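Residue numbers (the working numbering), protein chains in the order written: chain E, 5 to 296; chain W, 12 to 325.
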């Protein structure tokens, strides 16, 4: 993160050399935006720096983002002091399964809603997308009861199954399939290609960016969720990292440097995943019409 | 579609059923069905399980309980504190990014990272910054010669503190709530930036160029030309931001957890969670959740109508 600022600065120097009025305006624009970006990212820089400090340095207030001395062993200590390996294993199982299941269910539904003809198509679309409007707080209590009745309380199944489909993903995939020319479908069908074969051989490769965004959003949503895992899991063996992190605060007391290690570790996978998928995410946001 | 025979037509219908059923079944079981159950549960009393039928008593209790009204007031401060501010900040940043040349993607990422990262982890960091003993916030105050504050633990109103006691302590949002609001503005603005930027990039270039040739300054251009052009996006973000904020749980839970939760920072969703999960009032918690849901639906509809009317007037 911190490498971005020098890049922006060097660009500003380049702009300053251009003497036009536009160049001057651009200089101030860059200056403002870079300081804003620095301000937005500063808590993260502070977090990383604090995570590497000794306990005494960590609890000495300061704005600095450069540790006085480097204590990499903090990470080892954090990793060992709490069942983080277990938490991460649980989280990756849950988020991975949810992500794959959402991608699959949304692909199948989105495809049917675009390419197939059947009665009640409009109703099916409205039901699928209408689910987006139902706020989570309206349903978390009954879902808790339902999951308990099914005997899934304190199991990973409870964390996975109720999240395997959502309206937003179906909407995204449908929008992507709409961009695939219908002539392709007709031509393929005339040549004797089955509908499912068309989906997997022709349509899916064409919508791959949206598919990956759907999967990434589902993964991040599941990875970052707190309320649901908090109420349906009871003990350490079934905990996910977000719940584990909230428990770690109470366990670690004022071990600020270790807490910042834990926060860094928990953030890392989501930030890395986002950075990898960033191009696809912004393309999808442009193409599927968040604009209207 | 002349090439389709009758049997093909039925095969297509069957296939559509098979393809749609996983998604729709899951949505029925875990989204639509629970909505009805929530309403049914809200009509029963009892703790940690199904109790006797009480009719609308849970609703009556909620609407006469000072705690409920407190939570409602906190929710109002919370939403009104976050949504307009992050919309304005998001638009300003996105407009800036729209007008810079190289480096846009890099800067955009910096603003977006708070949104995509784990709210719990980010809130841990902010908790440390607001810590009364070793936090940076108090350090900053001492540099400009102000007395230290209790930040997230402060239940007294921010207006009371700012005016040195002129305004009663229970007026307006508490300082603790303001800290949470600040966190959420930081967290939500990135989302607004990215969506606004996508809309700005999709806007026809001629629109801006024509206005600039007519001699419009940057600020005039932004407010008079660009903002109306991205009005649909503004509407979308206002509604989405409000829904996200009304449902926001992670930040409040993480920022205040560990200490006794102040009633001054409990929003409706937190209140419903606490009544249901911590105190075990399933029926009462459901009633609060149902009220909140109705509130969200009504507010969303109102917002659509208001912004629509605004468009037809301009």
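Even for Gly, the Cβ is constructed at its ideal location relative to N, Cα and C.
Predicted model, so just to flag it, every value in this text is computed and none were measured.
C-beta contact flag for residue i and residue j at 8 angstroms
i: residue 47(E); j: residue 57(E); result: no
i: residue 234(E); j: residue 131(W); result: no
i: residue 45(W); j: residue 139(E); result: no
i: residue 278(E); j: residue 99(E); result: no
i: residue 92(W); j: residue 178(W); result: no
i: residue 283(W); j: residue 303(W); result: yes
i: residue 122(E); j: residue 24(W); result: yes
i: residue 249(E); j: residue 275(E); result: no
i: residue 111(W); j: residue 115(E); result: no
i: residue 63(E); j: residue 226(E); result: no
i: residue 220(E); j: residue 285(E); result: yes
i: residue 141(W); j: residue 190(W); result: yes
i: residue 111(E); j: residue 208(E); result: yes
i: residue 107(E); j: residue 218(E); result: yes
i: residue 66(W); j: residue 54(W); result: yes
i: residue 172(W); j: residue 143(W); result: no
DSSP three-state assignment for residue i, whether helix, strand or coil
i: residue 157(E); result: coil
i: residue 115(E); result: helix
i: residue 88(W); result: helix
i: residue 168(W); result: strand
i: residue 200(W); result: helix
i: residue 177(W); result: coil
i: residue 20(E); result: With a pLDDT of 48 at residue 20(E), under the threshold of 50, the modelled position of that residue is not reliable, and no figure is offered here.
i: residue 292(W); result: coil
i: residue 76(W); result: coil
i: residue 182(W); result: coil
i: residue 64(W); result: strand
i: residue 186(E); result: helix
i: residue 324(W); result: Low confidence applies here, because residue 324(W) scores a pLDDT of 46, under 50, leaving its location unreliable and the question unanswered by this model.
i: residue 280(E); result: helix
i: residue 151(E); result: helix
Segment limits, alpha helix (DSSP H) that includes residue i
i: residue 120(W); result: 115-127
i: residue 216(E); result: 212-228
i: residue 61(E); result: 59-62
i: residue 149(W); result: 147-154
i: residue 254(W); result: 242-257
i: residue 204(E); result: From DSSP, residue 204(E) is part of no alpha helix (DSSP H); its letter is neither H nor E.
i: residue 83(E); result: 77-85
i: residue 139(W); result: 130-140
i: residue 17(W); result: 17-38
i: residue 261(W); result: 261-267
i: residue 281(W); result: 279-284
i: residue 50(W); result: 44-52
i: residue 244(E); result: No alpha helix (DSSP H) holds residue 244(E); DSSP gives it neither H nor E.
i: residue 223(W); result: 216-224
i: residue 132(E); result: 125-134
i: residue 231(E); result: 231-236
Integer Cβ distance of residue i from residue j, believed to fall under 8 angstroms
i: residue 66(E); j: residue 150(W); result: 7 angstroms
i: residue 119(E); j: residue 189(E); result: 5 angstroms
i: residue 216(E); j: residue 33(W); result: 20 angstroms between Cβ atoms; not a contact.
i: residue 82(W); j: residue 278(W); result: 6 angstroms
i: residue 162(W); j: residue 199(W); result: About 20 angstroms separates the two Cβ atoms, so there is no contact after all.
i: residue 266(W); j: residue 134(W); result: 5 angstroms
i: residue 175(E); j: residue 136(E); result: 7 angstroms
i: residue 95(E); j: residue 265(E); result: The Cβ separation is near 17 angstroms, so there is no contact.
i: residue 211(E); j: residue 192(E); result: Not really, about 15 angstroms apart at Cβ, beyond 8 angstroms.
i: residue 263(E); j: residue 253(E); result: 6 angstroms
i: residue 231(W); j: residue 89(W); result: Contact flag wrong, Cβ pair sits at about 33 angstroms.
i: residue 125(W); j: residue 197(W); result: 6 angstroms
i: residue 59(W); j: residue 291(W); result: 4 angstroms
i: residue 287(E); j: residue 185(E); result: Not quite, the Cβ-Cβ distance comes to about 19 angstroms (not below 8 angstroms), so this is no contact.
heavy atom of the ligand ADP below 7 angstroms from residue i C-beta
i: residue 19(W); result: This structure lacks the ligand ADP, and indeed carries no ligand of any kind.
Q | Inter-stretch contact (C-beta, 8 angstroms, three-pair minimum) for the segment 152-170 of chain E and the segment 34-42 of chain W | A | yes
Q. Contact between the segment 295-309 of chain W and the segment 141-156 of chain E: three or more CB pairs below 8 angstroms?
A. yes
Q) Between the segment 101-110 of chain W and the segment 36-46 of chain E, do three or more beta carbon pairs fall short of 8 angstroms? A) yes
Q) Would you call the segment 113-122 of chain W and the segment 217-229 of chain W touching, i.e. three or more CB-CB distances under 8 angstroms? A) no
Q. When the Cβ atoms of the segment 168-183 of chain W are set against those of the segment 141-158 of chain W, are three or more pairs found closer than 8 angstroms?
A. no
Q: Decide yes or no for the touch test of the segment 191-210 of chain W against the segment 238-256 of chain W: beta carbon pairs closer than 8 angstroms, at least 3 of them.
A: yes
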